[in-house]
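When you line the sequence shown up against this note's numbering, it's residues 437 to 549, in that order. Beneath this line is the structure, given in structure tokens, with notes to follow.
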Amino acid sequence: MNHYETVFILNPVLSDTQIKETVQKFNDYLVSKGAEMISKEDWGLKKLAYPIQKKKSGFYHLFEFKIAGEEITAFELEFRRDDSIMRYLTVRLDKHAAAWAEKRRERVKSTKK
Numbered sequence: 437m438n439h440y441e442t443v444f445i446l447n448p449v450l451s452d453t454q455i456k457e458t459v460q461k462f463n464d465y466l467v468s469k470g471a472e473m474i475s476k477e478d479w480g481l482k483k484l485a486y487p488i489q490k491k492k493s494g495f496y497h498l499f500e501f502k503i504a505g506e507e508i509t510a511f512e513l514e515f516r517r518d519d520s521i522m523r524y525l526t527v528r529l530d531k532h533a534a535a536w537a538e539k540r541r542e543r544v545k546s547t548k549k
């Protein structure tokens with residue numbers, strides 16, 4: 437199983453309920469394919485660097501998970517099929533990036549307390 441990180445941007449016109457349902461849909465998809473969810477982060481509404489689909493902002497979410505490499509293609513296909521997703525990026529983390537991600541998670545936890 438490889439270690440991955442996916443960041444995706446949701447359309448800003450969605451309601452809170454629609455955002456939660458969409459995020460839960462992708463979480464459930466990964467779990468159904470045997471993924472081990474390491475962390476999920478809601479980064480909130482952020483201004484985009486450039487307009488996407490004539491929108492200037494979007495709701496950012498991050499998933500960090502472990503899954504077999506052959507499942508990523510089907511996972512990204514689900515992003516392309518969903519109209520509420522404006523952009524997504526999935527990267528495979530090597531051991532150095534995974535260590536950095538763990539430090540970042542610890543830093544986020546300590547700032548929330």
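A virtual CB, placed ideally from N, CA and C, is assigned to each residue, including glycine.
In the DSSP assignment, the beta strand (DSSP E) including Ser475 goes from what residue to what residue? 472 to 488
Residues of its chain near Tyr465, where Cβ-Cβ distance is below 7 angstroms and the 5 sequence neighbours each way are ignored: Phe511, Glu514
Candidates Met473, Asp519, Ile455, Leu529: which alpha carbon is nearest Trp479's? Ile455
Using beta-carbon positions only, say whether Gln489 and Met437 come within less than 8 angstroms of one another. no
For Leu446, count neighbouring C-beta atoms within 10 Å of its own C-beta (all shown protein chains included) and say buried if the count is 16 or more, exposed if not. buried
Among residues of its own chain, excluding the 5 on either side of Phe444, which ones have a beta-carbon nearer than 6 angstroms to its beta-carbon? His497, Ile521, Tyr524
Does Ser493 come out as helix, strand or coil in the three-state DSSP assignment? strand
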